[in-house]
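Residue numbers (the UniProt record's numbering), protein chains in the order written: chain A, 1 to 308; chain B, 1 to 249. Virtual Cβ for every residue (Gly too), placed ideally from N, Cα, C. Remember, predicted model here, so these are calculated numbers, not experimental data. Structure, as structure tokens:
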Amino acid sequence: MKTLVIADHDNGVLKPETSKTINAALKLGFAVDVLIAGENLAPMSEEVASIAGVNGVLVADNSEYAHQLAENIADLVLSLAPEYSHLVASATTTGKNFMPRVAALLDVAQISEIIDVVDGDTFKRPIYAGNAIATVKSLDSKKVITVRASSFDLQGEQTAADITAIDAVFSSQLSSFVSVEQTESERPELTAAQVVISGGRGMQNGENFSLLHGIADKLGAAIGASRAAVDAGFVPNDMQVGQTGKIVAPNLYIAVGISGAIQHLAGMKDSKVIVAINKDPDAPIFQVADYGLVADLFDVLPELESAL
Amino acid sequence: MKVLVPIKRVIDYNVKARVKADNSDVDLTNVKMAMNPFCEIAIEEAIRLKEAGIATEVVAVTIGAKASQEQLRTALALGADKAIHIETDEKLESLHVAKLLAKIVEQEAPELVILGKQSIDSDNNQTGQMLAALTGRGQGTFASNVDVANGTVNVTREVDGGLQTVALKLPAVVTTDLRLNEPRYASLPNIMKAKRKPLDVIAADSLGVDLTPRISVVEVHEPAKRSGGIIVDDVAQLVDLLKTQAKVI
Ligand SMILES: Cc1cc2nc3c(=O)[nH]c(=O)nc-3n(C[C@H](O)[C@H](O)[C@H](O)COP(=O)(O)OP(=O)(O)OC[C@H]3O[C@@H](n4cnc5c(N)ncnc54)[C@H](O)[C@@H]3O)c2cc1C
Ligand SMILES: Nc1ncnc2c1ncn2[C@@H]1O[C@H](COP(=O)(O)O)[C@@H](O)[C@H]1O
Numbered sequence: 001m002k003t004l005v006i007a008d009h010d011n012g013v014l015k016p017e018t019s020k021t022i023n024a025a026l027k028l029g030f031a032v033d034v035l036i037a038g039e040n041l042a043p044m045s046e047e048v049a050s051i052a053g054v055n056g057v058l059v060a061d062n063s064e065y066a067h068q069l070a071e072n073i074a075d076l077v078l079s080l081a082p083e084y085s086h087l088v089a090s091a092t093t094t095g096k097n098f099m100p101r102v103a104a105l106l107d108v109a110q111i112s113e114i115i116d117v118v119d120g121d122t123f124k125r126p127i128y129a130g131n132a133i134a135t136v137k138s139l140d141s142k143k144v145i146t147v148r149a150s151s152f153d154l155q156g157e158q159t160a161a162d163i164t165a166i167d168a169v170f171s172s173q174l175s176s177f178v179s180v181e182q183t184e185s186e187r188p189e190l191t192a193a194q195v196v197i198s199g200g201r202g203m204q205n206g207e208n209f210s211l212l213h214g215i216a217d218k219l220g221a222a223i224g225a226s227r228a229a230v231d232a233g234f235v236p237n238d239m240q241v242g243q244t245g246k247i248v249a250p251n252l253y254i255a256v257g258i259s260g261a262i263q264h265l266a267g268m269k270d271s272k273v274i275v276a277i278n279k280d281p282d283a284p285i286f287q288v289a290d291y292g293l294v295a296d297l298f299d300v301l302p303e304l305e306s307a308l
Numbered sequence: 001m002k003v004l005v006p007i008k009r010v011i012d013y014n015v016k017a018r019v020k021a022d023n024s025d026v027d028l029t030n031v032k033m034a035m036n037p038f039c040e041i042a043i044e045e046a047i048r049l050k051e052a053g054i055a056t057e058v059v060a061v062t063i064g065a066k067a068s069q070e071q072l073r074t075a076l077a078l079g080a081d082k083a084i085h086i087e088t089d090e091k092l093e094s095l096h097v098a099k100l101l102a103k104i105v106e107q108e109a110p111e112l113v114i115l116g117k118q119s120i121d122s123d124n125n126q127t128g129q130m131l132a133a134l135t136g137r138g139q140g141t142f143a144s145n146v147d148v149a150n151g152t153v154n155v156t157r158e159v160d161g162g163l164q165t166v167a168l169k170l171p172a173v174v175t176t177d178l179r180l181n182e183p184r185y186a187s188l189p190n191i192m193k194a195k196r197k198p199l200d201v202i203a204a205d206s207l208g209v210d211l212t213p214r215i216s217v218v219e220v221h222e223p224a225k226r227s228g229g230i231i232v233d234d235v236a237q238l239v240d241l242l243k244t245q246a247k248v249i
């Protein structure tokens with residue numbers, strides 16, 4: 001019994017989800033190897049080898065893997081699968097993309113977005129937008145699992161494990177990379193930040209999100225949004241927090257002009273402390289907020305910025 | 001070009017699911033059901049491709065109990081040309097669903113299959129990717145734009161860092177994200193017309209797919225409840241409590 005974790009990164013920076021996913025994988029109770037597939041991976045391989053608990057690192061460094069095309073990554077993982085009883089990836093958009101493909105090719109079910117490991121076969125995962133938690137047992141001999149990273153801690157460091165190069169190159173030709181529009185931000189990543197401040201439809205437009213910037217600067221916060229704010233074009237899609245967006249669990253989550261629909265709550269209700277600012281005292285967001293402020297956001301945001 | 005759209009009957013997205021007292025599952029008795037919202041987006045995209053003269057036929061398919069024919073009728077009312085109901089009373093896993101859909105793909109030979117990215121009940125986000133793998137097709141998941149031209153489909157994908165565009169050779173599989181389109185409502189005349197459109201029923205166990213469960217549900221319980229909070233008077237009190245009581249700033 002042995003576990004393979006597939007690392008998530010952008011060829012330059014290792015995603016913090018990877019370390020948390022390794023933490024989850026170690027709870028399975030078996031040795032954990034990590035696969036990094038991408039391009040120009042030398043510095044990152046060292047970083048992964050130094051994550052506490054990693055047994056060995058497999059590096060598939062080839063331009064065919066540079067854009068994480070699901071078809072190629074899945075075939076690569078499939079080629080390594082015979083050695084492993086558990087295959088584990090973060091439930092990021094990358095992991096969600098290729099892992100079900102791996103599962104189908106292995107003819108096993110996938111257990112999506114686990115939040116807890118009961119034992120090597122049994123896991124907890126949220127269903128129905130987090131309104132229920134299912135304990136599920138995999139009956140397959142091989143397990144394919146994605147991990148909700150926000151439910152696990154970061155791993156510490158160790159002296160570097162062995163690094164092995166994987167030379168096999170899979171190039172399915174079924175898909176090819178065309179372009180990427182990367183959202184540039186100086187702020188911490190939503191899923192890694194200790195503080196998140198999110199704006200909703202109540203922000204009225206994209207310019208008004210600047211009211212959140214000063215506060216985010218002072219708190220070292222990431223900025224998120226509700227679906228309504230993304231749909232209206234106030235902010236880019238990768239800022240959406242919720243059931244079908246990003247899942248966050250920071251120390252402090254501040255929801256501004258967000259009503260608190262179940263789909264939004266699904267993405268943030270495991271935050272340690274929740275603050276809600278909303279002018280409607282009946283907004284459902286107040287039911288999960290530790291501290292609620294019933295007020296017009298345009299009055300209180302400038303006040304909040306100067307009070308910090 | 002034929003487009004196949006798998007749709008699923010699920011709890012209405014406005015309804016908060018409740019857990020059964022015996023912790024065996026979620027209680028769906030007398031709960032309002034609807035088409036999975038991501039499947040509505042998939043149907044809409046297929047119909048737009050037809051309206052644009054790119055698709056020639058839109059086929060909706062669902063796997064589920066008899067009641068899911070309601071959602072197939074909705075798909076027909078929205079503009080699908082024909083519907084296939086793969087009937088089963090079992091609660092199937094995504095792998096099973098993907099295998100049954102692969103049989104329909106074999107029969108119907110669609111050049112494009114458009115699925116939702118995720119069912120809002122199981123929150124699995126697997127079926128499209130599995131179907132793509134089982135049928136040896138390329139996949140464009142979490143689509144916010146779909147462009148079909150010259151035997152290729154360009155799919156813009158909502159990813160964690162922004163937007164990625166990939167080109168897939170047809171035939172291919174696409175899964176929808178929220179920003180792909182805004183689904184229309186069915187008009188009354190179209191709802192009436194839909195009653196006369198073809199709806200084929202196939203028994204799930206006649207398709208030669210092994211439907212033995214791969215996952216057993218041990219129990220389903222409610223998530224931890226958050227204890228009630230307080231309403232503060234003003235910003236000064238909020239900042240003070242965050243510093244002294246919550247100690248998070
Ligand atoms: C399939 C599906 C998936 C979804 N996934 C997600 C998801 O991942 N994430 C998500 O967020 N949503 C998601 N949604 C959408 C969700 O159902 C809600 O529609 C959405 O969260 C509402 O966003 P909102 O709270 O910003 O807007 P609204 O519900 O319109 O709320 C705006 C709030 O702002 C307040 N407000 C207005 N003006 C002011 C002011 N001046 N000062 C203070 N307060 C003010 C109002 O009182 C109101 O409460 C999904 C929906 C579906 C169907
Ligand atoms: N029982 C089903 N019948 C038809 N299509 C389904 C079914 N289950 C899932 N799908 C399709 O697969 C998508 C993703 O579902 P899932 O992988 O379960 O999250 C849905 O949006 C549907 O398009």
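Distance CB(residue i)-CB(residue j) smaller than 8 Å
i, j, result
"Gln110 (chain A)", "Thr146 (chain A)", "yes"
"Leu58 (chain A)", "Asp33 (chain A)", "yes"
"Ser175 (chain A)", "Ala80 (chain B)", "no"
"Ile163 (chain A)", "Val77 (chain A)", "no"
"Ala228 (chain A)", "Arg201 (chain A)", "yes"
"Leu219 (chain A)", "Leu301 (chain A)", "no"
"Pro236 (chain A)", "Thr191 (chain A)", "no"
"Pro183 (chain B)", "Glu40 (chain B)", "yes"
"Leu112 (chain B)", "Val3 (chain B)", "yes"
"Ala134 (chain A)", "Val220 (chain B)", "yes"
"Val136 (chain A)", "Ser227 (chain B)", "no"
"Thr141 (chain B)", "Lys117 (chain B)", "yes"
"Leu87 (chain A)", "Val180 (chain A)", "no"
"Ala42 (chain B)", "Leu115 (chain B)", "yes"
"Gly229 (chain B)", "Asp10 (chain A)", "no"
"residue 305 (chain B)", "Glu303 (chain A)", "Any question about residue 305 (chain B) goes unanswered here, given that chain B covers just 1 to 249."
"Thr21 (chain A)", "Ala222 (chain A)", "no"
"Ala172 (chain B)", "Arg137 (chain B)", "yes"
"Leu49 (chain B)", "Val148 (chain B)", "yes"
"Ala52 (chain A)", "Gly156 (chain A)", "yes"
"Gln71 (chain B)", "Ile120 (chain B)", "no"
"Leu26 (chain A)", "Ala60 (chain A)", "no"
Buried or exposed by the 16-neighbour rule on C-beta atoms within 10 Å, applied to residue i
i, result
"His67 (chain A)", "buried"
"Pro198 (chain B)", "exposed"
"Gly161 (chain B)", "buried"
"Lys99 (chain B)", "buried"
"Thr127 (chain B)", "buried"
"Leu293 (chain A)", "buried"
"Arg196 (chain B)", "exposed"
"Pro126 (chain A)", "buried"
"Ile231 (chain B)", "exposed"
"Thr212 (chain B)", "exposed"
"Lys96 (chain A)", "buried"
"Lys32 (chain B)", "exposed"
"Glu45 (chain B)", "buried"
"Pro100 (chain A)", "buried"
Counterpart residues of residue i in DSSP-defined beta bridges
i, result
"Leu112 (chain B)", "B:Val3, B:Ala172"
"Asn278 (chain A)", "A:Val294"
"Arg18 (chain B)", "B:Asp27"
"Gly162 (chain B)", "A:Gln182, B:Val159"
"Pro82 (chain A)", "DSSP, once it has assigned bridges, lists no residue as partnering Pro82 (chain A)."
"Thr244 (chain A)", "According to DSSP, Thr244 (chain A) bridges with nothing at all."
"Arg125 (chain A)", "A:Ala134"
"Asn145 (chain B)", "B:Thr156"
Anticipated Cβ contact below 8 Å, residue i with residue j, distance rounded
i, j, result
"Val288 (chain A)", "Asn251 (chain A)", "Actually they do not touch by this definition, with Cβ atoms about 16 Å apart."
"Glu17 (chain A)", "Ser90 (chain A)", "4 Å"
"Ile215 (chain A)", "Leu308 (chain A)", "7 Å"
"Glu64 (chain A)", "Asn72 (chain A)", "5 Å"
"Asp28 (chain A)", "Val117 (chain A)", "Reading off the sequence shown, one finds Leu at residue 28 (chain A), where the question assumed Asp. Rounded, the Cβ-Cβ distance is 6 Å, consistent with contact."
"Gln263 (chain A)", "Ala49 (chain A)", "Actually they are not in contact, since the Cβ atoms of Gln263 (chain A) and Ala49 (chain A) sit about 39 Å apart, beyond 8 Å."
Proximal residues of chain D, C-beta to C-beta of residue i below 9 Å
i, result
"Asp123 (chain B)", "Any reference to chain D falls outside this structure, whose protein chains are A and B."
Query raised in the report: Taking three-plus beta-carbon pairs below 8 Å as touching, is the stretch 10 to 21 of chain B in contact with the stretch 143 to 155 of chain B?
Result: Touching, no, given that fewer than three Cβ pairs across the two stretches are closer than 8 Å.
Report task. Could you tell me whether the stretch 55 to 74 of chain B touches the stretch 19 to 28 of chain B, using the rule of 3 or more Cβ pairs below 8 Å? Result -> They do not touch, by the three-pair rule.
Query raised in the report: Touch check for the stretch 275 to 283 of chain A and the stretch 30 to 38 of chain B: three-plus C-beta pairs under 8 Å?
Result: Between the stretch 275 to 283 of chain A and the stretch 30 to 38 of chain B there are fewer than three inter-stretch CB-CB distances shorter than 8 Å, so the stretches are not counted as touching.
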